[in-house]
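Peer 1: In my numbering, the protein residues as written are 3 to 444. We put the beta carbon where it would ideally sit given N, CA and C, even for glycine. Keep in mind that this is a model prediction, so the values were computed, not measured. First the structure, which I've put down as structure tokens, then a few questions once you've had a look.
Here's what the structure looks like:
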């Protein structure tokens, strides 16, 4: 599979504004890179905002070039904004998904809607952080925000993010703050901010917090994690939501939850991909996600009937069984679709832990004791994989040897599993803290 093909011929000529400063009411300015149709001042277009801390100048430059020009060439303003305290934006960033970040996002949307090249309506799109804050800003209901696309994100910052997945401190909870701290210590680009760059940089260095220390202060679900978790109030979101992700990414679980619990028009898409936009993410196969987003935006931001609301609520890639490997370039399978979630046509299958293994009917189970070494799980892949080439499960027999195993008899037919299995256990521990991990393997 070769590199992505870069398309540069679009229905409308595109121009790029490398640096635009967006003023906020407290005097701070945020830096934006904007892609526009050449005639947008004469024929205003909707704006699509991507709002990130990852430095538009270098951090996401290549990724932005694969996405925003296409949207601009099809009649939108692609707007990539650096969050306060990041890249070439003024101010300081003190934490993930802070109230200040959301407040600024609401102001940015109002500013975009008021520009002469904007038709007055705005969408938000983003992956990871940009998917998180798309949901969070949508919950604030800015009047001009009419729809969002959220990719590889979560509705639950405590139980389903890179810190305490299921309440368990993750190794990613150590890796991520290290990367984030280093990124926040980088200077702005002197070519864009001029002589101010050094003063901006020194102010950041003097004030960047130890993110890990902050997160370790909150080891249980409390008000800190509830902030920014839209699962606390799904009804706060009143605009249409398109949620996408991939099976080899760590942020798939939120998609069925959003489909089930939101009441607004919504769609879900789960492919084989890791942590990336579906038009270039690995493992393949990729899809024409730019075209898919365009249909979504055309309907909700321009009022063009693209048929997007008449399609199944969820489309998912059902992956074929594969040999264990830490990375797959391509995952073979097939697409399936469900008109609603949870689907009415699916009957849950109950299995019971018994002395004879995993069975369809309840049977005696003798109490068992287990004390697993800390190394158990190293073969099972990352809990929050990002597609870095070593994230997926390998041969897990080493882990199995140090775990309690319950197996079914050989299957007489294939079983397709779509959704999140639920396990109910009666346990007792002789330690105040213990990790309880359940793996479902084919």
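What would DSSP say about residue 246, mapped onto helix, strand or coil?
Peer 2: Locating residue 246 in the chain shown gives position 244, where the first residue counts as 1. Residue 246 falls in the strand class under three-state DSSP.
Peer 1: Grouping DSSP H, G and I as helix and E and B as strand, with all else coil, what is residue 414?
Peer 2: The residue you call residue 414 lines up with position 412 of the chain shown. Coil, per DSSP.
Peer 1: What residue range does the beta strand (DSSP E) around residue 354 cover?
Peer 2: Start at 1 with the first residue of the chain shown, and residue 354 comes out as number 352. Where residue 354 is concerned, the enclosing beta strand (DSSP E) stretches over 354-356.
Peer 1: Less than 9 Å separating the beta-carbons of residue 17 and residue 82?
Peer 2: Reading the chain shown from its first residue, position 15 is the one you call residue 17. Reading the chain shown from its first residue, position 80 is the one you call residue 82. Against a cut-off of 9 Å, the Cβ pair of residue 82 and residue 17 comes out as no contact.
Peer 1: Examine the Cβ distances between the region 167-187 and the region 227-238 and report whether three or more of them are shorter than 8 Å.
Peer 2: As far as the Cβ criterion goes, the region 167-187 does not touch the region 227-238, which means the pair count is below three.
Peer 1: Where residue 150 and residue 327 are concerned, what is the direct C-alpha to C-alpha distance, given to the nearest angstrom?
Peer 2: As a first step, residue 150 must be located in the chain shown, where it is residue number 148. As a first step, residue 327 must be located in the chain shown, where it is residue number 325. Going by the C-alpha atoms only, they are around 35 Å apart.
Peer 1: Could you please give me the residues that DSSP links to residue 361 through a beta bridge?
Peer 2: As a working note, residue 361 is residue 359 in the chain shown. BP columns for residue 361 point to 354.
Peer 1: Could you spell out where the beta strand (DSSP E) holding residue 228 opens and where it closes?
Peer 2: As a first step, residue 228 is located in the chain shown; it is residue number 226 there, counting from the start. Looking at the DSSP string, residue 228 is not in any beta strand (DSSP E); the run it does join, the alpha helix (DSSP H), is 225-228.
Peer 1: Considering only residues of the same chain and omitting the five flanking positions on each side of residue 381, which have a CB-CB separation below 7 Å?
Peer 2: Locating residue 381 in the chain shown gives position 379, where the first residue counts as 1. 395, 396, 397, 398, 400 and 401.
Peer 1: Beta-carbon separation of residue 14 and residue 74 under 9 Å?
Peer 2: Along the chain shown, one-based indexing puts residue 14 at 12. Along the chain shown, one-based indexing puts residue 74 at 72. Yes, Cβ-Cβ distance for residue 14 and residue 74 is below 9 Å.
Peer 1: Excluding the 5 residues flanking residue 182 on each side, which residues of the same chain have their C-beta closer than 6 Å to its C-beta?
Peer 2: Residue mapping note: residue 182 aligns to position 180 of the chain shown, counting from 1. Excluding residues within five positions, the ones whose Cβ falls inside 6 Å are 213.
Peer 1: Give the list of continuous alpha helix (DSSP H) stretches no shorter than 4 residues that lie fully inside the region 187-274.
Peer 2: The qualifying runs are 192-195, 199-209, 213-218, 225-228 and 256-263.
Peer 1: Considering only C-alpha positions, which residue in the set 289, 118 and 127 is nearest to residue 47?
Peer 2: Within the chain shown, numbered from 1, the residue matching residue 47 stands at position 45. The shortest C-alpha separation from residue 47 is found at 118.
Peer 1: CB-CB under 7 Å to residue 288, same chain, minus the five flanking residues each way: which ones, in chain order?
Peer 2: Locating residue 288 in the chain shown gives position 286, counting from the first residue. Contacts found: 280, 281 and 282.
Peer 1: Kindly identify the DSSP beta-bridge partner or partners of residue 337.
Peer 2: Mapped onto the chain shown, residue 337 falls at position 335. 319.
Peer 1: Under DSSP, the beta strand (DSSP E) around residue 309 begins and ends at which residues?
Peer 2: For the purposes of this step, residue 309 is taken as residue 307 along the chain shown, with counting starting at 1. Taken as a continuous stretch (DSSP letters only), residue 309 belongs to no beta strand (DSSP E), as it is neither H nor E.
Peer 1: Check for me: the beta strand (DSSP E) holding residue 53 runs from which residue to which?
Peer 2: Here residue 53 refers to the residue found at position 51 when the chain shown is read from its first residue. From DSSP, the beta strand (DSSP E) with residue 53 extends over 47-54.
Peer 1: Kindly indicate which three-state DSSP category residue 124 falls into: helix, strand or coil?
Peer 2: By 1-based counting over the chain shown, the position of residue 124 is 122. Strand.
Peer 1: Can you list the beta strand (DSSP E) stretches of 3 or more residues lying completely in the region 89-167, in chain order?
Peer 2: Counting whole runs of 3 or more residues, the region 89-167 contains the beta strand (DSSP E) stretches 120-129 and 147-153.
Peer 1: Check whether the Cβ atoms of residue 246 and residue 120 lie closer than 9 Å to each other.
Peer 2: Your numbering for residue 246 matches position 244 in the chain shown. Your numbering for residue 120 matches position 118 in the chain shown. Cβ atoms of residue 246 and residue 120: not closer than 9 Å.
Peer 1: Provide the residue span of the alpha helix (DSSP H) that contains residue 21, from first to last.
Peer 2: Taking the chain shown and counting its residues from 1, the one referred to as residue 21 is at position 19. No alpha helix (DSSP H) holds residue 21; the beta strand (DSSP E) holding it covers 16-25.
Peer 1: Indicate whether residue 144 and residue 111 have their beta-carbon atoms separated by less than 9 Å.
Peer 2: What you label residue 144 is simply residue 142 of the chain shown in a count that begins at 1. What you label residue 111 is simply residue 109 of the chain shown in a count that begins at 1. Yes; because the gap between Cβ atoms is below 9 Å, this pair is in contact.
Peer 1: CA-CA distance, residue 189 and residue 23?
Peer 2: For this step, residue 189 is matched to residue 187 along the chain shown. For this step, residue 23 is matched to residue 21 along the chain shown. Straight-line Cα distance between these residues: approximately 17 Å.
Peer 1: On the CB-based measure, 16 or more other CB atoms within 10 Å of its CB, does residue 427 come out buried or exposed?
Peer 2: Locating residue 427 in the chain shown gives position 425, where the first residue counts as 1. That one is exposed.
Peer 1: Tell me the DSSP secondary structure of residue 423 in three-state form.
Peer 2: Here residue 423 is taken as the residue at index 421 of the chain shown, counted from 1. Note: residue 423 maps to coil in three-state DSSP.
Peer 1: Using 8 Å as the cut-off, can you tell me whether the region 363-371 makes contact with the region 334-343, which would need three or more C-beta pairs spanning the two stretches below that distance?
Peer 2: Counting Cβ pairs under 8 Å, fewer than three are found: no touch.
Peer 1: Which residues in the same chain have their Cβ closer than 6 Å to the Cβ of residue 226, if we skip the five residues on either side of it in sequence?
Peer 2: Locating residue 226 in the chain shown gives position 224, counting from the first residue. Excluding positions up to five away in sequence, the list reads 220.
Peer 1: Report all residues from its chain with a CB closer than 8 Å to the CB of residue 31; omit the five preceding and five following residues, and keep chain order.
Peer 2: Translated into the one-based positions of the chain shown, residue 31 becomes position 29. Excluding positions up to five away in sequence, the list reads 23, 24, 25, 91 and 92.
Peer 1: Quick one: residues in its chain with C-beta nearer than 6 Å to the C-beta of residue 87, no 5 flanking neighbours on either side, listed in chain order?
Peer 2: Working through the chain shown from its first residue, we reach residue 87 at position 85. 93, 94 and 95, listed in sequence order.
Peer 1: Taking the alpha helix (DSSP H) that residue 75 belongs to, which residues open and close that run?
Peer 2: Within the chain shown, residue 75 is the residue found at index 73, counting from 1. Counting along the chain, the alpha helix (DSSP H) containing residue 75 begins and ends at 70-75.
Peer 1: Measure the C-alpha to C-alpha separation of residue 194 and residue 313 and round it to an integer number of angstroms.
Peer 2: Counting from 1 along the chain shown, the entry for residue 194 is found at position 192. Counting from 1 along the chain shown, the entry for residue 313 is found at position 311. Taking the straight line from one Cα to the other gives about 44 Å.
Peer 1: Alpha carbon to alpha carbon, how far is residue 308 from residue 277? Give it in angstroms, no decimals.
Peer 2: In the chain shown, residue 277 corresponds to position 275, counting from 1. In the chain shown, residue 308 corresponds to position 306, counting from 1. C-alpha separation (whole angstroms): 28 Å.
Peer 1: Within 10 angstroms of its Cβ, does residue 50 collect 16 or more other Cβ (buried), or is it exposed?
Peer 2: Locating residue 50 in the chain shown gives position 48, where the first residue counts as 1. Result: buried.
Peer 1: Short of 8 Å in beta carbon distance, which residues of its chain neighbour residue 374, apart from the five on each side in sequence? Order them along the chain.
Peer 2: Here the question's residue 374 lines up with position 372 in the chain shown. Counting only Cβ-Cβ distances below 8 Å, and skipping sequence neighbours, we find 404 and 405.
Peer 1: Hey, could you find the ends of the beta strand (DSSP E) residue 79 is sitting in?
Peer 2: Translated into positions along the chain shown, residue 79 becomes position 77. Taken as a continuous stretch (DSSP letters only), the beta strand (DSSP E) holding residue 79 covers 79-84.
Peer 1: Give the secondary structure of residue 179 by DSSP, where H, G and I count as helix, E and B as strand, and everything else as coil.
Peer 2: One-based indexing of the chain shown puts residue 179 at position 177. Residue state, collapsed to three classes: helix.
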